[in-house]
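Heads up: the structure comes next, in C-alpha coordinates.
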Amino acid sequence: MPEPDPSVLARRAEIVAALRGIVPGEGVVSEPASLRAYESDALTAYRQPPLAVVLPETVEQVSRILGWCHAEGVRVVPRGAGTSLSGGSLPLADAVVVSMGKFNRILHVDYDERLAVVQPGVANLAISRAVEGRGFYYAPDPSSQIACSIGGNVAENAGGVHCLKYGLTTNNVLGVEIVLVTGEVLRLGGRTLEPAGLDLLGVVVGSEGLLGIVTEVTVRLLPKPETARAALIGFPGVEAAGQCVADVIAAGIIPAGMEMMDRPAIHAAEAFVQVGYPLDVEALLIVEMDGPAAECGHLLDEITAIARGNGATSLRLSTDEAERLAFWAGRKAAFPAVGRLAPDYLCMDGTIPRRRLPEVLRGISALSEKHGLAVANVFHAGDGNLHPLILYDANQPGQLDAAEAFGADILRLCVAVGGVLTGEHGVGIEKRDLMPAMFNAVDLAHQQGIKCAFDADLLLNPGKVFPTLHRCAELGHMHVHHGRVPFPELPRF
384 MPEPDPSVLA
394 RRAEIVAALR
404 GIVPGEGVVS
414 EPASLRAYES
424 DALTAYRQPP
434 LAVVLPETVE
444 QVSRILGWCH
454 AEGVRVVPRG
464 AGTSLSGGSL
474 PLADAVVVSM
484 GKFNRILHVD
494 YDERLAVVQP
504 GVANLAISRA
514 VEGRGFYYAP
524 DPSSQIACSI
534 GGNVAENAGG
544 VHCLKYGLTT
554 NNVLGVEIVL
564 VTGEVLRLGG
574 RTLEPAGLDL
584 LGVVVGSEGL
594 LGIVTEVTVR
604 LLPKPETARA
614 ALIGFPGVEA
624 AGQCVADVIA
634 AGIIPAGMEM
644 MDRPAIHAAE
654 AFVQVGYPLD
664 VEALLIVEMD
674 GPAAECGHLL
684 DEITAIARGN
694 GATSLRLSTD
704 EAERLAFWAG
714 RKAAFPAVGR
724 LAPDYLCMDG
734 TIPRRRLPEV
744 LRGISALSEK
754 HGLAVANVFH
764 AGDGNLHPLI
774 LYDANQPGQL
784 DAAEAFGADI
794 LRLCVAVGGV
804 LTGEHGVGIE
814 KRDLMPAMFN
824 AVDLAHQQGI
834 KCAFDADLLL
844 NPGKVFPTLH
854 RCAELGHMHV
864 HHGRVPFPEL
874 PRF
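Under this note's numbering, the first residue of the sequence shown carries the number 384, and numbering increases by one thereafter.
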(Lines of atoms letter the chains of each structure in order from A; the text may use other names.)
(Lines give C-alpha, C1' and ligand atoms only; values in the text may rest on other atoms or scores of the structure.)
Protein backbone atom coordinates (compact mmCIF):
# COMPACT_ATOMS: atom_id res chain seq x y z
CA MET A 384 0.00 0.00 0.00
CA PRO A 385 1.14 3.62 -0.38
CA GLU A 386 3.37 4.87 2.41
CA PRO A 387 1.36 6.79 5.04
CA ASP A 388 1.70 10.55 4.78
CA PRO A 389 3.20 11.75 8.10
CA SER A 390 1.67 15.19 7.68
CA VAL A 391 -1.80 13.66 7.44
CA LEU A 392 -1.22 11.39 10.44
CA ALA A 393 -0.14 14.43 12.46
CA ARG A 394 -3.45 16.12 11.63
CA ARG A 395 -5.63 13.23 12.76
CA ALA A 396 -7.43 15.19 15.49
CA GLU A 397 -8.13 18.03 13.04
CA ILE A 398 -9.45 15.60 10.41
CA VAL A 399 -11.73 13.84 12.89
CA ALA A 400 -13.08 17.19 14.13
CA ALA A 401 -13.78 18.33 10.56
CA LEU A 402 -15.62 15.09 9.79
CA ARG A 403 -17.69 15.44 12.95
CA GLY A 404 -18.66 18.88 11.74
CA ILE A 405 -20.07 17.29 8.58
CA VAL A 406 -21.60 14.15 10.12
CA PRO A 407 -22.53 14.89 13.74
CA GLY A 408 -23.47 12.51 16.53
CA GLU A 409 -22.20 8.95 16.15
CA GLY A 410 -21.37 9.36 12.47
CA VAL A 411 -17.59 9.33 12.94
CA VAL A 412 -15.64 6.40 14.41
CA SER A 413 -12.18 7.27 15.72
CA GLU A 414 -11.53 5.17 18.83
CA PRO A 415 -8.82 2.53 18.20
CA ALA A 416 -10.94 -0.37 19.48
CA SER A 417 -13.89 0.60 17.27
CA LEU A 418 -11.68 1.05 14.21
CA ARG A 419 -10.75 -2.64 14.41
CA ALA A 420 -14.15 -3.50 12.94
CA TYR A 421 -13.03 -1.81 9.72
CA GLU A 422 -9.44 -3.03 9.49
CA SER A 423 -10.14 -5.70 6.88
CA ASP A 424 -12.65 -6.92 4.36
CA ALA A 425 -13.27 -10.59 3.52
CA LEU A 426 -9.63 -10.98 2.43
CA THR A 427 -8.63 -11.24 6.07
CA ALA A 428 -4.97 -12.03 5.44
CA TYR A 429 -4.37 -8.25 5.30
CA ARG A 430 -5.37 -5.82 8.02
CA GLN A 431 -4.82 -2.14 8.62
CA PRO A 432 -6.87 0.13 10.92
CA PRO A 433 -7.91 3.32 9.11
CA LEU A 434 -7.28 6.87 10.23
CA ALA A 435 -11.00 7.29 10.87
CA VAL A 436 -14.36 6.02 9.63
CA VAL A 437 -17.27 8.23 8.67
CA LEU A 438 -20.82 6.96 8.13
CA PRO A 439 -22.77 9.52 6.11
CA GLU A 440 -26.55 9.39 5.78
CA THR A 441 -27.18 11.85 2.95
CA VAL A 442 -25.74 12.62 -0.47
CA GLU A 443 -24.94 16.13 0.75
CA GLN A 444 -22.78 14.68 3.53
CA VAL A 445 -20.92 12.43 1.08
CA SER A 446 -20.33 15.43 -1.17
CA ARG A 447 -19.02 17.56 1.70
CA ILE A 448 -16.78 14.75 3.00
CA LEU A 449 -15.17 14.18 -0.38
CA GLY A 450 -14.89 17.88 -1.12
CA TRP A 451 -13.14 18.50 2.20
CA CYS A 452 -10.78 15.54 1.80
CA HIS A 453 -9.95 16.65 -1.73
CA ALA A 454 -9.17 20.17 -0.61
CA GLU A 455 -7.03 18.91 2.28
CA GLY A 456 -5.26 16.12 0.40
CA VAL A 457 -6.68 13.33 2.56
CA ARG A 458 -7.06 9.87 1.01
CA VAL A 459 -10.45 8.16 0.98
CA VAL A 460 -11.39 4.47 0.92
CA PRO A 461 -15.05 3.71 0.05
CA ARG A 462 -16.60 0.71 1.83
CA GLY A 463 -19.82 -1.21 1.42
CA ALA A 464 -20.58 -4.35 3.43
CA GLY A 465 -16.92 -5.39 3.53
CA THR A 466 -17.48 -8.70 1.72
CA SER A 467 -14.80 -8.03 -0.93
CA LEU A 468 -12.54 -11.03 -1.49
CA SER A 469 -9.79 -9.04 -3.23
CA GLY A 470 -8.98 -6.52 -0.51
CA GLY A 471 -10.91 -3.85 -2.38
CA SER A 472 -11.87 -1.97 0.77
CA LEU A 473 -8.71 -2.54 2.80
CA PRO A 474 -8.14 0.72 4.72
CA LEU A 475 -5.02 2.87 4.76
CA ALA A 476 -3.38 4.22 7.90
CA ASP A 477 -3.68 7.80 6.62
CA ALA A 478 -7.07 7.45 4.89
CA VAL A 479 -10.65 8.08 5.87
CA VAL A 480 -13.00 5.15 5.28
CA VAL A 481 -16.39 6.29 4.00
CA SER A 482 -18.75 3.49 4.99
CA MET A 483 -22.06 3.51 3.11
CA GLY A 484 -23.95 1.20 5.46
CA LYS A 485 -26.55 3.84 6.36
CA PHE A 486 -27.58 4.23 2.73
CA ASN A 487 -29.86 1.22 3.12
CA ARG A 488 -33.22 2.13 1.64
CA ILE A 489 -35.11 1.01 -1.44
CA LEU A 490 -36.24 4.39 -2.74
CA HIS A 491 -38.61 3.51 -5.56
CA VAL A 492 -39.95 0.48 -7.43
CA ASP A 493 -41.57 0.80 -10.85
CA TYR A 494 -43.09 -2.50 -11.88
CA ASP A 495 -44.31 -1.16 -15.23
CA GLU A 496 -40.78 -0.07 -16.17
CA ARG A 497 -39.30 -3.10 -14.38
CA LEU A 498 -36.76 -1.20 -12.31
CA ALA A 499 -35.91 -0.29 -8.75
CA VAL A 500 -33.99 2.70 -7.40
CA VAL A 501 -31.96 1.72 -4.36
CA GLN A 502 -29.28 3.13 -2.12
CA PRO A 503 -25.85 1.44 -2.26
CA GLY A 504 -26.04 -0.04 1.24
CA VAL A 505 -29.06 -2.20 0.38
CA ALA A 506 -28.18 -5.90 0.49
CA ASN A 507 -28.35 -7.72 -2.83
CA LEU A 508 -30.96 -10.24 -1.70
CA ALA A 509 -33.12 -7.52 -0.13
CA ILE A 510 -34.14 -6.28 -3.58
CA SER A 511 -35.54 -9.63 -4.66
CA ARG A 512 -37.30 -10.06 -1.34
CA ALA A 513 -38.89 -6.64 -1.66
CA VAL A 514 -40.39 -7.35 -5.09
CA GLU A 515 -41.05 -11.10 -4.99
CA GLY A 516 -44.68 -10.52 -3.96
CA ARG A 517 -45.31 -9.03 -7.39
CA GLY A 518 -43.48 -11.82 -9.17
CA PHE A 519 -40.18 -10.04 -9.84
CA TYR A 520 -36.55 -10.45 -8.78
CA TYR A 521 -33.04 -9.00 -9.23
CA ALA A 522 -30.95 -11.43 -11.26
CA PRO A 523 -27.29 -11.12 -10.10
CA ASP A 524 -26.92 -13.46 -7.12
CA PRO A 525 -23.41 -13.65 -5.61
CA SER A 526 -22.92 -16.33 -2.98
CA SER A 527 -22.74 -13.55 -0.38
CA GLN A 528 -26.01 -12.02 -1.57
CA ILE A 529 -27.56 -12.11 1.89
CA ALA A 530 -24.87 -9.68 3.07
CA CYS A 531 -23.12 -7.98 0.14
CA SER A 532 -24.30 -4.49 -0.77
CA ILE A 533 -25.45 -3.22 -4.15
CA GLY A 534 -22.82 -0.48 -4.00
CA GLY A 535 -20.13 -3.11 -3.53
CA ASN A 536 -21.63 -5.15 -6.37
CA VAL A 537 -21.32 -2.10 -8.62
CA ALA A 538 -17.73 -1.50 -7.54
CA GLU A 539 -16.65 -5.07 -8.29
CA ASN A 540 -19.10 -5.91 -11.10
CA ALA A 541 -20.33 -8.89 -9.09
CA GLY A 542 -21.86 -11.93 -10.77
CA GLY A 543 -23.36 -15.04 -9.25
CA VAL A 544 -24.57 -18.50 -10.16
CA HIS A 545 -27.12 -17.19 -12.69
CA CYS A 546 -24.83 -14.77 -14.52
CA LEU A 547 -24.39 -17.19 -17.45
CA LYS A 548 -27.87 -16.34 -18.76
CA TYR A 549 -28.68 -13.05 -17.05
CA GLY A 550 -25.32 -11.32 -16.95
CA LEU A 551 -23.20 -9.60 -14.34
CA THR A 552 -24.00 -6.43 -12.42
CA THR A 553 -23.07 -4.30 -15.45
CA ASN A 554 -25.84 -5.98 -17.45
CA ASN A 555 -28.42 -5.25 -14.78
CA VAL A 556 -27.66 -1.67 -13.75
CA LEU A 557 -29.41 1.11 -15.66
CA GLY A 558 -28.02 4.16 -13.89
CA VAL A 559 -26.09 5.46 -10.91
CA GLU A 560 -25.66 8.63 -8.95
CA ILE A 561 -21.98 9.10 -8.11
CA VAL A 562 -20.11 11.68 -6.06
CA LEU A 563 -16.70 12.59 -7.44
CA VAL A 564 -13.69 13.26 -5.24
CA THR A 565 -14.25 16.99 -5.71
CA GLY A 566 -17.73 16.69 -4.20
CA GLU A 567 -19.53 17.04 -7.53
CA VAL A 568 -22.63 14.87 -7.92
CA LEU A 569 -23.21 13.20 -11.29
CA ARG A 570 -25.95 11.00 -12.71
CA LEU A 571 -24.85 8.42 -15.26
CA GLY A 572 -27.16 6.25 -17.31
CA GLY A 573 -30.86 6.46 -16.59
CA ARG A 574 -33.90 4.20 -16.87
CA THR A 575 -33.07 2.48 -20.16
CA LEU A 576 -30.53 -0.12 -21.22
CA GLU A 577 -28.74 2.03 -23.80
CA PRO A 578 -28.66 5.73 -22.86
CA ALA A 579 -27.18 8.19 -25.35
CA GLY A 580 -23.63 9.47 -25.15
CA LEU A 581 -20.42 8.05 -23.78
CA ASP A 582 -20.80 4.87 -21.76
CA LEU A 583 -19.49 6.33 -18.52
CA LEU A 584 -21.83 4.01 -16.62
CA GLY A 585 -19.87 1.09 -18.04
CA VAL A 586 -16.68 2.72 -16.82
CA VAL A 587 -17.99 3.17 -13.28
CA VAL A 588 -19.37 -0.37 -12.88
CA GLY A 589 -16.35 -2.45 -11.92
CA SER A 590 -14.13 0.56 -11.13
CA GLU A 591 -13.40 -0.71 -7.59
CA GLY A 592 -13.92 2.60 -5.80
CA LEU A 593 -11.22 4.37 -7.82
CA LEU A 594 -13.45 6.94 -9.52
CA GLY A 595 -16.05 8.09 -6.98
CA ILE A 596 -18.60 6.97 -4.42
CA VAL A 597 -21.94 5.66 -5.70
CA THR A 598 -24.91 6.99 -3.72
CA GLU A 599 -27.83 5.61 -5.75
CA VAL A 600 -28.31 2.71 -8.17
CA THR A 601 -31.12 2.00 -10.63
CA VAL A 602 -31.37 -1.73 -11.31
CA ARG A 603 -33.35 -3.90 -13.70
CA LEU A 604 -36.08 -6.13 -12.35
CA LEU A 605 -37.00 -9.35 -14.13
CA PRO A 606 -40.23 -11.31 -13.93
CA LYS A 607 -39.83 -14.67 -12.29
CA PRO A 608 -39.78 -17.42 -14.91
CA GLU A 609 -42.79 -19.70 -15.21
CA THR A 610 -40.70 -22.75 -14.34
CA ALA A 611 -37.24 -23.40 -12.97
CA ARG A 612 -35.81 -26.92 -12.77
CA ALA A 613 -32.33 -28.13 -11.94
CA ALA A 614 -30.28 -31.21 -12.69
CA LEU A 615 -27.71 -32.63 -10.28
CA ILE A 616 -25.17 -34.60 -12.31
CA GLY A 617 -22.20 -36.58 -10.98
CA PHE A 618 -19.12 -37.57 -12.98
CA PRO A 619 -16.21 -39.94 -12.34
CA GLY A 620 -13.71 -37.18 -13.20
CA VAL A 621 -13.52 -33.39 -13.42
CA GLU A 622 -12.40 -33.59 -17.05
CA ALA A 623 -15.58 -35.41 -18.04
CA ALA A 624 -17.66 -32.80 -16.23
CA GLY A 625 -15.72 -30.03 -17.96
CA GLN A 626 -16.31 -31.59 -21.35
CA CYS A 627 -20.03 -31.86 -20.56
CA VAL A 628 -20.11 -28.12 -19.89
CA ALA A 629 -18.49 -27.41 -23.24
CA ASP A 630 -20.84 -29.79 -25.05
CA VAL A 631 -23.97 -28.23 -23.53
CA ILE A 632 -22.95 -24.74 -24.64
CA ALA A 633 -21.87 -26.05 -28.06
CA ALA A 634 -25.36 -27.52 -28.48
CA GLY A 635 -26.77 -23.98 -28.27
CA ILE A 636 -28.25 -24.46 -24.81
CA ILE A 637 -27.83 -21.53 -22.41
CA PRO A 638 -28.76 -22.68 -18.90
CA ALA A 639 -29.85 -20.17 -16.26
CA GLY A 640 -26.97 -21.49 -14.17
CA MET A 641 -24.24 -24.08 -14.60
CA GLU A 642 -22.01 -24.74 -11.59
CA MET A 643 -19.33 -27.32 -10.84
CA MET A 644 -17.74 -28.60 -7.64
CA ASP A 645 -14.95 -31.13 -7.26
CA ARG A 646 -14.76 -33.93 -4.70
CA PRO A 647 -13.40 -31.94 -1.71
CA ALA A 648 -16.01 -29.22 -2.24
CA ILE A 649 -18.82 -31.78 -2.67
CA HIS A 650 -17.99 -33.53 0.59
CA ALA A 651 -17.61 -30.27 2.50
CA ALA A 652 -20.92 -28.90 1.20
CA GLU A 653 -22.82 -32.11 1.91
CA ALA A 654 -21.47 -32.32 5.46
CA PHE A 655 -22.49 -28.70 5.97
CA VAL A 656 -26.03 -28.65 4.55
CA GLN A 657 -26.91 -32.36 4.07
CA VAL A 658 -29.00 -32.06 0.90
CA GLY A 659 -28.18 -35.46 -0.61
CA TYR A 660 -25.20 -34.75 -2.85
CA PRO A 661 -23.63 -37.96 -4.22
CA LEU A 662 -20.35 -38.67 -2.42
CA ASP A 663 -18.99 -41.29 -4.82
CA VAL A 664 -18.25 -38.86 -7.66
CA GLU A 665 -15.23 -36.71 -8.47
CA ALA A 666 -17.19 -33.79 -9.92
CA LEU A 667 -20.73 -32.50 -9.59
CA LEU A 668 -22.58 -30.27 -12.04
CA ILE A 669 -25.69 -28.29 -11.15
CA VAL A 670 -27.48 -27.22 -14.31
CA GLU A 671 -30.64 -25.13 -14.12
CA MET A 672 -33.09 -24.30 -16.88
CA ASP A 673 -35.85 -21.74 -16.54
CA GLY A 674 -38.70 -20.52 -18.73
CA PRO A 675 -41.83 -22.26 -20.04
CA ALA A 676 -42.32 -25.72 -18.57
CA ALA A 677 -42.27 -27.48 -21.94
CA GLU A 678 -39.00 -25.79 -22.92
CA CYS A 679 -37.35 -26.66 -19.60
CA GLY A 680 -38.38 -30.28 -19.89
CA HIS A 681 -37.16 -30.59 -23.47
CA LEU A 682 -33.78 -28.98 -22.81
CA LEU A 683 -33.20 -30.99 -19.64
CA ASP A 684 -33.75 -34.13 -21.73
CA GLU A 685 -31.04 -32.90 -24.13
CA ILE A 686 -28.69 -32.10 -21.23
CA THR A 687 -29.33 -35.55 -19.77
CA ALA A 688 -28.29 -37.16 -23.05
CA ILE A 689 -25.15 -35.01 -23.25
CA ALA A 690 -24.24 -35.86 -19.66
CA ARG A 691 -24.71 -39.59 -20.25
CA GLY A 692 -22.55 -39.30 -23.33
CA ASN A 693 -19.80 -37.87 -21.16
CA GLY A 694 -19.96 -40.73 -18.67
CA ALA A 695 -22.21 -39.27 -15.96
CA THR A 696 -22.67 -41.83 -13.18
CA SER A 697 -25.52 -40.13 -11.33
CA LEU A 698 -28.29 -37.78 -12.41
CA ARG A 699 -31.24 -36.32 -10.52
CA LEU A 700 -33.79 -33.83 -11.82
CA SER A 701 -35.61 -31.61 -9.35
CA THR A 702 -39.28 -32.49 -9.03
CA ASP A 703 -40.40 -29.44 -7.08
CA GLU A 704 -39.18 -26.03 -5.92
CA ALA A 705 -37.95 -27.34 -2.57
CA GLU A 706 -35.72 -29.90 -4.27
CA ARG A 707 -34.36 -27.31 -6.72
CA LEU A 708 -33.45 -25.00 -3.86
CA ALA A 709 -31.84 -27.92 -2.04
CA PHE A 710 -29.59 -28.57 -5.03
CA TRP A 711 -28.44 -24.96 -4.85
CA ALA A 712 -28.14 -24.84 -1.07
CA GLY A 713 -24.89 -26.78 -1.05
CA ARG A 714 -23.37 -24.65 -3.80
CA LYS A 715 -24.42 -21.42 -2.11
CA ALA A 716 -22.89 -22.66 1.14
CA ALA A 717 -19.71 -24.01 -0.45
CA PHE A 718 -17.45 -21.20 0.75
CA PRO A 719 -18.38 -21.44 4.44
CA ALA A 720 -18.51 -25.23 4.14
CA VAL A 721 -14.90 -25.39 2.94
CA GLY A 722 -13.98 -23.43 6.06
CA ARG A 723 -14.47 -26.72 7.93
CA LEU A 724 -11.55 -28.30 6.04
CA ALA A 725 -8.78 -25.95 7.17
CA PRO A 726 -8.27 -22.99 9.49
CA ASP A 727 -7.87 -20.64 6.52
CA TYR A 728 -8.38 -20.52 2.78
CA LEU A 729 -7.83 -18.13 -0.10
CA CYS A 730 -10.71 -17.86 -2.54
CA MET A 731 -9.27 -17.24 -5.99
CA ASP A 732 -11.13 -15.76 -8.95
CA GLY A 733 -9.97 -16.20 -12.53
CA THR A 734 -11.78 -16.74 -15.81
CA ILE A 735 -10.83 -19.00 -18.73
CA PRO A 736 -12.28 -20.10 -22.07
CA ARG A 737 -14.70 -22.96 -21.40
CA ARG A 738 -12.89 -25.29 -23.80
CA ARG A 739 -9.71 -25.04 -21.69
CA LEU A 740 -11.48 -26.14 -18.48
CA PRO A 741 -10.16 -29.74 -18.38
CA GLU A 742 -6.61 -28.56 -19.06
CA VAL A 743 -6.74 -25.88 -16.34
CA LEU A 744 -8.19 -28.29 -13.78
CA ARG A 745 -5.29 -30.64 -14.46
CA GLY A 746 -2.94 -27.70 -14.04
CA ILE A 747 -4.48 -26.73 -10.70
CA SER A 748 -4.04 -30.30 -9.49
CA ALA A 749 -0.36 -30.23 -10.46
CA LEU A 750 0.09 -26.86 -8.74
CA SER A 751 -1.49 -28.30 -5.60
CA GLU A 752 1.25 -30.91 -5.46
CA LYS A 753 3.93 -28.35 -6.28
CA HIS A 754 2.97 -26.04 -3.42
CA GLY A 755 2.01 -28.77 -0.96
CA LEU A 756 -1.45 -27.35 -0.26
CA ALA A 757 -4.89 -28.83 -0.85
CA VAL A 758 -7.46 -27.09 -3.01
CA ALA A 759 -11.22 -27.36 -3.41
CA ASN A 760 -12.67 -26.18 -6.71
CA VAL A 761 -16.00 -24.38 -6.93
CA PHE A 762 -16.83 -22.40 -10.03
CA HIS A 763 -19.28 -20.95 -12.49
CA ALA A 764 -18.59 -23.57 -15.11
CA GLY A 765 -20.86 -22.11 -17.77
CA ASP A 766 -18.85 -18.92 -18.19
CA GLY A 767 -15.46 -20.28 -17.13
CA ASN A 768 -15.21 -18.29 -13.89
CA LEU A 769 -13.09 -20.40 -11.51
CA HIS A 770 -13.04 -20.12 -7.72
CA PRO A 771 -10.30 -22.46 -6.44
CA LEU A 772 -10.25 -22.44 -2.64
CA ILE A 773 -6.66 -22.89 -1.44
CA LEU A 774 -6.53 -24.46 2.02
CA TYR A 775 -3.82 -23.43 4.49
CA ASP A 776 -3.13 -22.67 8.14
CA ALA A 777 -1.87 -19.15 8.80
CA ASN A 778 -0.51 -20.34 12.16
CA GLN A 779 1.99 -22.55 10.35
CA PRO A 780 5.07 -20.57 9.23
CA GLY A 781 5.28 -20.18 5.48
CA GLN A 782 1.81 -21.49 4.64
CA LEU A 783 0.30 -18.10 3.81
CA ASP A 784 3.24 -17.38 1.52
CA ALA A 785 2.77 -20.77 -0.13
CA ALA A 786 -0.97 -20.16 -0.54
CA GLU A 787 -0.34 -16.79 -2.18
CA ALA A 788 2.27 -18.29 -4.51
CA PHE A 789 -0.18 -21.09 -5.40
CA GLY A 790 -2.93 -18.56 -6.11
CA ALA A 791 -0.62 -16.44 -8.26
CA ASP A 792 0.33 -19.50 -10.30
CA ILE A 793 -3.34 -20.33 -10.85
CA LEU A 794 -4.03 -16.83 -12.14
CA ARG A 795 -0.97 -16.91 -14.40
CA LEU A 796 -2.29 -20.20 -15.79
CA CYS A 797 -5.67 -18.58 -16.46
CA VAL A 798 -4.01 -15.80 -18.44
CA ALA A 799 -1.73 -18.24 -20.28
CA VAL A 800 -4.70 -20.19 -21.69
CA GLY A 801 -6.41 -17.03 -22.93
CA GLY A 802 -8.31 -16.07 -19.80
CA VAL A 803 -8.26 -13.10 -17.45
CA LEU A 804 -7.22 -12.37 -13.86
CA THR A 805 -10.70 -11.85 -12.48
CA GLY A 806 -14.31 -12.62 -13.23
CA GLU A 807 -16.26 -10.92 -10.47
CA HIS A 808 -14.11 -10.34 -7.36
CA GLY A 809 -12.07 -7.50 -8.80
CA VAL A 810 -8.33 -6.85 -8.69
CA GLY A 811 -8.01 -4.95 -5.40
CA ILE A 812 -4.71 -5.74 -3.73
CA GLU A 813 -4.95 -9.50 -4.22
CA LYS A 814 -4.23 -9.43 -7.98
CA ARG A 815 -2.65 -5.99 -8.19
CA ASP A 816 0.92 -7.19 -8.61
CA LEU A 817 -0.17 -9.73 -11.23
CA MET A 818 -1.58 -7.10 -13.58
CA PRO A 819 1.66 -7.07 -15.67
CA ALA A 820 1.00 -10.74 -16.46
CA MET A 821 -1.96 -9.55 -18.52
CA PHE A 822 -1.19 -5.93 -19.43
CA ASN A 823 1.95 -4.16 -20.56
CA ALA A 824 3.10 -0.76 -19.28
CA VAL A 825 1.26 1.13 -22.00
CA ASP A 826 -1.99 -0.73 -21.28
CA LEU A 827 -1.73 0.08 -17.58
CA ALA A 828 -0.85 3.72 -18.24
CA HIS A 829 -3.98 4.14 -20.37
CA GLN A 830 -6.10 2.48 -17.69
CA GLN A 831 -4.72 4.81 -15.05
CA GLY A 832 -5.42 7.69 -17.39
CA ILE A 833 -9.13 7.03 -16.87
CA LYS A 834 -8.62 7.25 -13.12
CA CYS A 835 -6.71 10.49 -13.53
CA ALA A 836 -9.65 11.98 -15.45
CA PHE A 837 -11.82 11.41 -12.37
CA ASP A 838 -9.23 11.69 -9.58
CA ALA A 839 -6.17 13.65 -10.63
CA ASP A 840 -4.68 13.71 -7.13
CA LEU A 841 -5.03 9.90 -6.71
CA LEU A 842 -6.91 10.21 -3.42
CA LEU A 843 -9.62 7.58 -3.99
CA ASN A 844 -8.76 4.04 -2.90
CA PRO A 845 -5.05 4.29 -3.71
CA GLY A 846 -2.95 1.14 -3.62
CA LYS A 847 -5.59 -0.92 -5.41
CA VAL A 848 -5.56 -2.35 -8.96
CA PHE A 849 -2.37 -0.66 -10.27
CA PRO A 850 0.94 -2.37 -9.43
CA THR A 851 2.77 0.92 -9.92
CA LEU A 852 1.05 4.25 -9.52
CA HIS A 853 2.16 7.06 -11.85
CA ARG A 854 1.68 10.75 -11.30
CA CYS A 855 -1.11 11.90 -13.55
CA ALA A 856 0.85 14.81 -15.02
CA GLU A 857 3.35 12.39 -16.55
CA LEU A 858 0.90 9.93 -18.06
CA GLY A 859 0.14 12.18 -21.01
CA HIS A 860 3.77 11.94 -22.07
CA MET A 861 3.75 8.14 -21.58
CA HIS A 862 6.91 8.42 -19.45
CA VAL A 863 5.93 5.24 -17.68
CA HIS A 864 9.44 4.79 -16.27
CA HIS A 865 9.32 8.07 -14.35
CA GLY A 866 7.33 9.34 -11.42
CA ARG A 867 6.64 5.97 -9.87
CA VAL A 868 5.27 5.74 -6.36
CA PRO A 869 6.31 2.25 -5.17
CA PHE A 870 4.08 0.26 -2.86
CA PRO A 871 5.75 -1.31 0.18
CA GLU A 872 4.83 -4.68 1.62
CA LEU A 873 1.19 -5.10 2.58
CA PRO A 874 0.28 -5.28 6.28
CA ARG A 875 -0.56 -8.96 6.66
CA PHE A 876 -2.29 -10.44 9.66
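C-beta: ideal position from N, C-alpha, C; glycine also. None of the values given here were measured: they were computed from a predicted structure.
Residue pairing by DSSP places residue 583 in no beta bridge whatsoever. Cβ-Cβ distances below 7 Å link residue 831 to 849, 853, 858 in the same chain, with the five nearest sequence neighbours on each side left out; the list follows chain order. For residue 511, no beta strand (DSSP E) segment is defined; the enclosing uninterrupted segment is the alpha helix (DSSP H) at 507–514.
DSSP lists 498 as the bridge partner or partners of residue 493.
Three or more beta-carbon pairs separated by less than 8 Å link the stretch 727–745 to the stretch 764–774, which places the two stretches in contact. In the three-state reduction of the DSSP assignment, residue 818 falls in the helix class.
Bounds of any beta strand (DSSP E) do not take in residue 549; it lies within the alpha helix (DSSP H) bounded by 546–549. In this structure, DSSP gives residue 751 a helical state, which the three-state scheme calls helix. For the pair residue 767 and residue 802, the CB atoms are nearer than the 8 Å cut-off. Nearest C-alpha to residue 676 among 612, 555, 535, 436: 612. Note that the C-beta distance between residue 807 and residue 542 is below 8 Å.
With the rule of 3 Cβ pairs closer than 8 Å, the stretch 611–630 does not count as touching the stretch 472–486. For residue 721, no beta strand (DSSP E) encloses it; the enclosing alpha helix (DSSP H) starts and ends at 717–721. In this structure, residue 651 sits away from residue 714, with a CB-CB distance that is not shorter than 8 Å. In this structure, DSSP gives residue 534 a helical state, which the three-state scheme calls helix. For residue 615, the enclosing beta strand (DSSP E) begins and ends at 610–618.
For residue 470, the CB contacts under 6 Å within the same chain, skipping 5 residues up- and downstream, are 426, 429, 811, 812, 813 in chain order. Within the stretch 769–842, the alpha helix (DSSP H) runs of at least 4 residues that lie entirely inside it are, in chain order, 782–799, 824–837. Here residue 569 carries a strand assignment [DSSP, helix/strand/coil]. Going by beta carbons, residue 617 and residue 696 fall inside the 8 Å limit. In terms of CA proximity to residue 501, 483 leads the group 710, 800, 483, 449. Residue 563 sits away from residue 574, with the two beta carbons spaced by 8 Å or more.
Contact check for residue 684 against residue 666 fails: the beta carbons are separated by 8 Å or more. In the DSSP assignment, residue 730 forms a beta bridge with 772.
When only Cα atoms are considered, residue 600 and residue 431 end up about 29 Å apart. Excluding the 5 residues flanking it on each side, residue 742 has same chain C-beta neighbours closer than 8 Å at 800, in chain order. For residue 634, same chain residues with a beta-carbon under 8 Å away, outside a window of 5 residues either side, are 685, 689 in chain order.
Nearest in C-alpha terms to residue 533, of all of 508, 583, 550, is 508.
Here residue 645 carries a strand assignment [DSSP, helix/strand/coil].
Scanning its chain for C-beta atoms nearer than 6 Å, with the 5 sequence neighbours on each side dropped, one finds around residue 466 the residues 425, 527, 530, 531, in chain order. Boundaries of the alpha helix (DSSP H) around residue 687: 676–692. Shown here, residue 697 sits in a strand according to DSSP, grouped into three states. Put simply, the backbone Cα of residue 406 is about 32 Å away from that of residue 493. Approximately 5 Å separates the beta-carbon atoms of residue 623 and residue 693; this is inside 8 Å, confirming the contact.
Excluding its 5 nearest sequence neighbours in each direction, residue 660 has C-beta neighbours in its own chain below 7 Å: 649, 652, 653, 667, 713, listed in chain order. Contact check for residue 596 and residue 449: beta-carbon distance about 7 Å, within the 8 Å limit, so the pair qualifies.
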